[in-house]
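A.B. asks:
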Amino acid sequence: MSIFVVRGERTFYNDEVHRCIPESAKAIPDELYKQLLQAQSDYKILDFSVFPPTILDRVKKWPDVTELQGLIDDQVASIYSRWSRFEKEYLARENAAREYKSAQYQGDVNIWVKHYADSAGLTCSEAADLIIQQAEQQRMAQEALAVLRMRKYELDIADGETRFEHYQSLVREIELVASPEMK
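In the working numbering, the protein residues as written are 28 to 210.
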């Protein structure tokens with residue numbers, strides 16, 4: 028079996044299969060034919076404008092800056108929406124905890140602190156301190172997300188793969204801020 032190609036045609040001719048092989052066709056070595064087939068499987072481009080055909084890498088099409096910035100906005104908005112789902116409840120619980128703490132953990136315990144303490148197996152003072160700590164951590168995380176979201180404008184100064192790598196780095200940082208322990 029011999030494989031032939033015609034310069035400029037994106038076709039392989041096999042002398043065992045094709046009855047009519049153009050006169051301008053030239054044989055290529057079996058090893059090159061195998062490499063060309065593998066390259067096609069690897070989503071590479073075969074350049075038939077030269078003889079023998081050569082293998083070219085595809086030009087990568089990277090998302091543009093506007094698309095990447097929009098993806099960052101969407102990711103942060105998704106995190107904010109998870110955090111704000113029970114925002115009124117969190118705020119009421121935090122206010123109750125702060126009131127209880129400012130009263131030196133004395134007096135009646137608000138239902139927000141009491142039920143949190145009971146369900147978490149904590150004393151009311153431990154629960155109040157934990158509620159305040161979590162609220163402060165979430166505020167710090169929101170500030171960090173705001174900074175990271177604004178860093179999306181750094182993507183304007185790079186192109187192609189460098190821009191995409193910087194985008195991926197920002198996404199990883201956003202994911203770290205939004206880790207499961209941040210509620």
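Positions of the beta carbon are idealized from the N, C-alpha and C atoms, including for glycine.
Mark R176 as exposed unless 16 or more other C-beta atoms lie within 10 angstroms of its C-beta, in which case mark it buried.
C.D. replies: Counting from one through the sequence shown, the residue named residue 176 turns up at place 149. Its Cβ being crowded by 16 or more others within 10 Å, R176 is buried.
A.B. asks: To the nearest angstrom, how far is it from the Cα of H45 to the Cα of F39?
C.D. replies: Numbered from its first residue, the sequence shown carries residue 45 at position 18. Numbered from its first residue, the sequence shown carries residue 39 at position 12. Approximately 10 Å, taken between the alpha carbons.
A.B. asks: Tell whether a beta-carbon distance below 7 Å holds between A168 and V198.
C.D. replies: For the purposes of this step, residue 168 is identified with residue 141 of the sequence shown, where counting begins at 1. For the purposes of this step, residue 198 is identified with residue 171 of the sequence shown, where counting begins at 1. Against a cut-off of 7 Å, the Cβ pair of V198 and A168 comes out as no contact.
A.B. asks: Within 10 angstroms of its Cβ, does I138 collect 16 or more other Cβ (buried), or is it exposed?
C.D. replies: As a position in the sequence shown, residue 138 is number 111, starting the count at 1. Exposed.
A.B. asks: What does DSSP give as the partner residue(s) for D74 in the beta ladder?
C.D. replies: Counted from its first residue, the sequence shown places residue 74 at position 47. T81.
A.B. asks: Leaving out five residues on either side along the sequence, give the residues of the same chain with a beta carbon under 8 Å from the beta carbon of I159.
C.D. replies: Working through the sequence shown from its first residue, we reach residue 159 at position 132. So the list reads E121, A124, R125 and K128, once near-sequence residues are dropped.
A.B. asks: Does the distance from the CB of Y194 to the CB of L95 come in under 7 Å?
C.D. replies: Along the sequence shown, one-based indexing puts residue 194 at 167. Along the sequence shown, one-based indexing puts residue 95 at 68. Taking 7 Å as the Cβ cut-off, Y194 and L95 qualify as a contacting pair.
A.B. asks: Can you tell me whether R109 is buried or exposed? The criterion is at least 16 other CB atoms within 10 Å of its CB, across all chains shown.
C.D. replies: Counting from 1 along the sequence shown, the entry for residue 109 is found at position 82. With fewer than 16 other Cβ atoms within 10 Å, it is exposed.
A.B. asks: Within 10 Å of its beta-carbon, does V103 have 16 or more other beta-carbons around it, so buried, or fewer, so exposed?
C.D. replies: As a working note, residue 103 is residue 76 in the sequence shown. So V103 counts as buried.
A.B. asks: Rounded to a whole number of angstroms, what is the C-alpha to C-alpha distance between P49 and S29?
C.D. replies: Numbered from 1 along the sequence shown, position 22 holds the residue referred to as residue 49. Numbered from 1 along the sequence shown, position 2 holds the residue referred to as residue 29. C-alpha separation (whole angstroms): 14 Å.
A.B. asks: Would you tell me roughly how many angstroms separate the C-alpha atoms of L149 and Q133, rounded to the nearest one?
C.D. replies: Along the sequence shown, one-based indexing puts residue 149 at 122. Along the sequence shown, one-based indexing puts residue 133 at 106. If you take the alpha carbons of L149 and Q133, they lie about 16 Å apart.
A.B. asks: Between the Cα of L59 and the Cα atoms of S111, F78 and S51, which residue gives the shortest distance?
C.D. replies: Taking the first residue of the sequence shown as position 1, residue 59 is located at position 32. When only C-alpha atoms are compared, the closest one is F78.
A.B. asks: Name the two residues that bound the continuous alpha helix (DSSP H) containing N122.
C.D. replies: Here residue 122 refers to the residue found at position 95 of the sequence shown. E114 to S129 is the span of the alpha helix (DSSP H), which, as asked, contains N122.
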